[in-house]
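Undergrad: Residue numbers (the working numbering): 714 to 922. Beta carbons: idealized from backbone N, C-alpha and C, even for Gly.
#1: Using CA coordinates, which residue listed in 884, 824, 849, 716 is at the minimum distance from residue 857?
#2: So is residue 874 buried or exposed if we call it buried at 16+ other beta carbons inside 10 Å?
#3: Shortest alpha-carbon distance to residue 855 belongs to which of 812, 726, 798, 892?
#4: Have a look at 916, 756, 762, 922 and flag the residue whose alpha-carbon is nearest the alpha-carbon of residue 733.
#5: Which residue marks the beginning of the alpha helix (DSSP H) containing residue 898, and which one marks its end?
#6: On the criterion of 16 or more Cβ atoms from any shown chain inside 10 Å, does residue 806 qualify as buried, or is it exposed?
#7: With DSSP collapsed to three states, give me the class of residue 846.
#8: Could you tell me the distance, in whole angstroms, from the CA atom of residue 846 to the CA atom of residue 774?
#9: So does the stretch 811–821 actually touch the stretch 788–796, counting three or more Cβ pairs closer than 8 Å?
#10: If we ignore side chains and look at the alpha-carbon of each, how far apart do residue 766 and residue 787 end up?
#11: Can you tell me whether residue 905 is buried or exposed, with buried defined as 16 or more other CB within 10 angstroms of its CB?
#12: Tell me residue 840's beta-bridge partners as DSSP assigns them.
#13: Grouping DSSP H, G and I as helix and E and B as strand, with all else coil, what is residue 921?
#14: In terms of residues, what are the limits of the beta strand (DSSP E) holding residue 851?
#15: When you compare only the Cα positions, how much space is there between residue 836 and residue 761?
#16: With 16 other CB atoms within 10 Å as the buried threshold, where does residue 753 fall?
#17: State the DSSP-derived secondary structure class of residue 748, mapped to helix, strand or coil.
#18: Who are the near neighbours of residue 831 in its chain, counting only those whose CB is closer than 7 Å to its CB and skipping five residues on each side?
#19: Keeping to the same chain, check which residues put their C-beta closer than 8 Å to that of residue 976; ignore five residues upstream and five downstream.
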């Protein structure tokens, strides 16, 4: 499923309101991002084509009828097409991609999103990115140095686990809202809202391919 269609309009509004409520307690900024996938993984599609082509050639050879030689050319085409389409199925692609490749792709996309959405430009460097990549079933929480320097190592792991569990159980919206609220509590403990505070970043859920 594409990220833009993952949540209903009502659920997107809930997440939007959760960010507004969260930032009412702190001078920090929270940006939730949901992407369809962190990479194309074209190597898996190529693997599907090559594997399908080979199997098609094998079937064509095994079932070869001298009077129907066109099958020798037809089977490889069918096999390659089937292999390509199969490799594009999210569940299949996720199983074929190495875990290290997934981790690298998700981390790279998360870092890019952090920069793209301006979290490193906040006044006190207190931006927090809550990043979810649907294809890979991966969650990352990336915080700027202002807040990261004040919390214990592993602080964000708790939020990652909460959101991951919610995604797996079918309660993604609830989990997103809980993650946002927890980030707010952590931020507020070190960076409470100031009188001159202003909203530096959009409060809506950001979606992307």
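TA: Judging by the given coordinates:
#1: 824
#2: exposed
#3: 892
#4: 916
#5: Residue range 885–903 is occupied by the alpha helix (DSSP H) that includes residue 898.
#6: buried
#7: For residue 846, the three-state secondary structure derived from DSSP is strand.
#8: Residue 846 and residue 774: Cα-Cα distance of roughly 42 Å.
#9: no
#10: 10 Å
#11: exposed
#12: 742
#13: It is a strand residue.
#14: 851–856
#15: 48 Å
#16: exposed
#17: If DSSP states are grouped into helix, strand and coil, residue 748 belongs with the strands.
#18: 914
#19: Nothing can be reported for residue 976, as the shown portion of the chain is limited to 714 through 922.
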